[in-house]
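Every position in the sequence shown, counted from 1, becomes a number in my numbering once 308 is added.
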Amino acid sequence: MTLFRTFEPGLPKVRVPKGGTSLLAHAPLRASPDDLVRMSFLLVPGFDVMSLSAAVGALQAANRAMQREVFRWRLESWEGQPVRSEEGWCLPVEGAARPAELTAAIWVCARTRANLSDVPEGLPDHLRALWRADRLIGGIGSAAFVLAEAGILSGHRLTLRWEDQPAFQAHWPELVAARDLYCIDRRIATCAGGIASADMMLQLVAAQCGLSIAQEAMHGCLLSSVRSGQVDQISPILSRVPGRNRSLLRAVEVIEQDYLEPDCLDRAEAAAGVSRRQLQRLFQSHLSKTPSGHIADLRVAHGRSLLEHTKMSVAEIALASGFEQTPAFSKMFRRRYGVRPSQFTHVHHGSRSAMQGR
Numbered sequence: 309m310t311l312f313r314t315f316e317p318g319l320p321k322v323r324v325p326k327g328g329t330s331l332l333a334h335a336p337l338r339a340s341p342d343d344l345v346r347m348s349f350l351l352v353p354g355f356d357v358m359s360l361s362a363a364v365g366a367l368q369a370a371n372r373a374m375q376r377e378v379f380r381w382r383l384e385s386w387e388g389q390p391v392r393s394e395e396g397w398c399l400p401v402e403g404a405a406r407p408a409e410l411t412a413a414i415w416v417c418a419r420t421r422a423n424l425s426d427v428p429e430g431l432p433d434h435l436r437a438l439w440r441a442d443r444l445i446g447g448i449g450s451a452a453f454v455l456a457e458a459g460i461l462s463g464h465r466l467t468l469r470w471e472d473q474p475a476f477q478a479h480w481p482e483l484v485a486a487r488d489l490y491c492i493d494r495r496i497a498t499c500a501g502g503i504a505s506a507d508m509m510l511q512l513v514a515a516q517c518g519l520s521i522a523q524e525a526m527h528g529c530l531l532s533s534v535r536s537g538q539v540d541q542i543s544p545i546l547s548r549v550p551g552r553n554r555s556l557l558r559a560v561e562v563i564e565q566d567y568l569e570p571d572c573l574d575r576a577e578a579a580a581g582v583s584r585r586q587l588q589r590l591f592q593s594h595l596s597k598t599p600s601g602h603i604a605d606l607r608v609a610h611g612r613s614l615l616e617h618t619k620m621s622v623a624e625i626a627l628a629s630g631f632e633q634t635p636a637f638s639k640m641f642r643r644r645y646g647v648r649p650s651q652f653t654h655v656h657h658g659s660r661s662a663m664q665g666r
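Next up, the structure:
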């Protein structure tokens, strides 16, 4: 039985926008005259080493399965200088970004919590040139920020790390990010990073080399299966909420979908089908918090994402995060993260500047 469920007839395939096609229906990536599929991994300061390693490891496993070099890649930075990762490692690269004629695909690797200030000047123009040259453009981690800045995501299904999605939507409300592990839509491929980078690359290997090679590469990565891109980045509520109380599960699901809505608690109560007092007892018993506390936690996390990625004021962020009053947001934020929002912004941007200057 094949382990690539995404490719089996009758089973869900990679979802695409109306009128779109997936990479699986697209022609394989073009090889160079020496029959190699050349790829570039362009590292943005603060990139995630785990995501990069998972992607490269899957390609290396595919080469072993083919018993010859099919995929060749190189690490690049915008100016060819070493790049410091989110983990603090300074990685040398093989050179600066290459023109379209020297690569079939480019994978931009950006930090878990990306920021537009990290995007090298000129990179968006470079990506647009590659796009016009019919190359595959990929984003790993939260590189969708970079691809959106290049203006090539319109009409494509896309994803990025779930923590960064509130800020992404604030920057580009016209682009809707899915919470999928990865999305492959025509010549745009985006991935939330982590081990999902290997899942996405193995899908590409299957499209390029066939299922049997992709399966062998999968085993070479010590994976028992390849996850569909449509898998949610967040584990199912059933696996995160102790017990199997249906009222509690329904309430948590509604809260996690609608936590920014003013009537979120009323919606959760209606979905649970129990009184507010009963719902509070369920939350306290199973989650050691109240429904209101769970809503507040989600709103504060939303606010943190906006603090990291936008230039909105604390008052604007408080309102956008569902708090009617700024002091209430500041109080909850300090309780959760140990600092006031204004202090967090100063420390966060200061550490980012230090990373770029090292």
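We put the CB at the ideal spot given by N, CA and C, even for glycine.
Since we're looking at a predicted model, the values are computed, not measured.
With 16 other Cβ atoms within 10 Å as the buried cut-off, status of residue i
i: arginine 548; result: exposed
i: glutamate 429; result: exposed
i: glutamate 632; result: exposed
i: arginine 535; result: buried
i: arginine 643; result: exposed
i: serine 638; result: buried
i: isoleucine 542; result: exposed
i: valine 484; result: exposed
i: glycine 403; result: exposed
i: aspartate 488; result: buried
i: arginine 511; result: Here residue 511 turns out to be glutamine, not arginine, going by the sequence shown. It counts as buried.
i: arginine 338; result: exposed
i: glutamate 395; result: exposed
Straight-line gap, residue i to residue j (C-alpha atoms, nearest Å)
i: leucine 468; j: aspartate 571; result: 28 Å
i: alanine 628; j: glycine 611; result: 8 Å
i: tryptophan 397; j: serine 450; result: 19 Å
i: proline 353; j: serine 533; result: 32 Å
i: glycine 551; j: isoleucine 563; result: 18 Å
i: cysteine 491; j: valine 364; result: 18 Å
i: arginine 372; j: histidine 527; result: 11 Å
i: arginine 554; j: isoleucine 625; result: 34 Å
i: alanine 514; j: leucine 344; result: 16 Å
i: proline 599; j: arginine 465; result: 33 Å
i: proline 649; j: glutamate 457; result: 27 Å
i: tryptophan 275; j: proline 474; result: Because the chain is modelled from 309 through 666, residue 275 falls outside the range shown and cannot be assessed.
i: arginine 419; j: leucine 360; result: 11 Å
i: phenylalanine 476; j: alanine 441; result: 27 Å
i: glutamine 588; j: alanine 623; result: 30 Å
i: serine 393; j: phenylalanine 355; result: 5 Å
i: arginine 494; j: isoleucine 445; result: 10 Å
i: leucine 331; j: arginine 584; result: A caution first: leucine 331 carries a pLDDT of 44, below 50, which makes its placement in the model too unreliable to give a value.
i: leucine 614; j: phenylalanine 652; result: 12 Å
i: threonine 329; j: alanine 559; result: With a pLDDT of only 38 at threonine 329, under 50, the local geometry of the prediction cannot be trusted, and no value is derived from it.
i: methionine 508; j: leucine 530; result: 15 Å
i: leucine 438; j: methionine 620; result: 33 Å
i: leucine 557; j: proline 481; result: 30 Å
i: valine 647; j: glycine 501; result: 28 Å
i: methionine 640; j: glutamate 377; result: 54 Å
i: alanine 504; j: arginine 382; result: 20 Å
i: methionine 358; j: glutamine 586; result: 43 Å
Local conformation of residue i per DSSP, three classes
i: arginine 575; result: helix
i: glycine 528; result: helix
i: leucine 466; result: strand
i: alanine 485; result: strand
i: isoleucine 563; result: helix
i: tryptophan 480; result: coil
i: aspartate 356; result: coil
i: arginine 440; result: helix
i: alanine 412; result: coil
i: arginine 589; result: helix
i: isoleucine 545; result: helix
i: alanine 339; result: coil
i: valine 534; result: coil
i: glutamate 471; result: helix
i: serine 596; result: coil
i: arginine 612; result: helix
i: arginine 372; result: helix
i: proline 432; result: helix
i: valine 427; result: coil
i: histidine 334; result: Annotation note: pLDDT 46 at histidine 334 (below 50); position unreliable, coordinate value reported separately. Looking at histidine 334 - three-state DSSP - the assignment turns out to be coil, as it is neither helix nor strand.
i: arginine 584; result: helix
i: alanine 458; result: coil
Beta-ladder partner(s) of residue i, from DSSP
i: cysteine 499; result: Ile448 and Tyr490
i: cysteine 417; result: Leu351 and Ile448
i: phenylalanine 379; result: Val345
i: valine 391; result: Leu399
i: serine 520; result: Per DSSP, none; premise fails for serine 520.
i: alanine 404; result: Ser385
i: aspartate 540; result: Asp488
heavy atom of the ligand PLP below 7 Å from residue i C-beta
i: proline 481; result: Absent from the structure shown: the ligand PLP. Ligands present: none.
Closer than 8 Å to chain C by CB, residue i
i: threonine 467; result: Of the protein chains in this structure there is only one, and it is not chain C.
Contiguous alpha helix (DSSP H) assignments of at least 4 residues, all confined to the stretch 620 to 652:
622 to 628 and 634 to 645
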